[in-house]
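For reference, the structure discussed in these notes is given below.
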Amino acid sequence: MSLFKENFRHIIVAEIEETYGIAIPEHTEKQELVYLLSHSLLGIYHKKLYVYFISGHVVNYKVHHFIFNRKIM
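Straight run, no breaks: the sequence shown in my numbering ends on number 1141.
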């Protein structure tokens, strides 16, 4: 793997840890992990962080907002 790709992946992990305070595992067998960032008291609203992996390395992440368990575009 090239040095550029490896550094790029570390930047993504550092950004997630700094912004959301979530420690991302270095190697995982899963292709996607979901973290609950916030929710309302009645469970109407949820904010979730989706982290995507390829070969155990982070390649992307997205934050989605849900109301009544339906994703807001």
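For each residue, glycine too, the CB sits at the ideal point set by N, CA and C.
Anticipated Cβ contact below 8 Å, residue i with residue j, distance rounded
{"i": "E1100", "j": "A1091", "result": "Wrong, their Cβ atoms sit about 17 Å apart, outside the cutoff."}
Residues bridged to residue i [DSSP beta-bridge criterion]
{"i": "F1134", "result": "H1114 and K1139"}
Beta-carbon proximity list for residue i, same chain, < 6 Å, skipping 5 on both sides
{"i": "Y1113", "result": "I1135"}
{"i": "Y1120", "result": "E1100, V1127 and N1128"}
{"i": "V1131", "result": "L1117"}
{"i": "H1133", "result": "K1115 and I1140"}
{"i": "V1102", "result": "K1116 and Y1118"}
Cut-off 7 Å between Cβ atoms - residues of its own chain near residue i, not counting five sequence neighbours on either side
{"i": "L1104", "result": "H1114 and K1116"}
Cα-Cα separation between residue i and residue j, rounded to whole angstroms
{"i": "N1137", "j": "I1079", "result": "31 Å"}
{"i": "L1110", "j": "I1140", "result": "18 Å"}
{"i": "E1094", "j": "I1122", "result": "12 Å"}
Same chain, Cβ closer than 8 Å to residue i, neighbours up to 5 away in sequence not counted
{"i": "E1097", "result": "G1124"}
Every unbroken beta strand (DSSP E) within the region 1082 to 1128, with a cutoff of 3 residues, ordered by chain: 1100 to 1107 and 1113 to 1122
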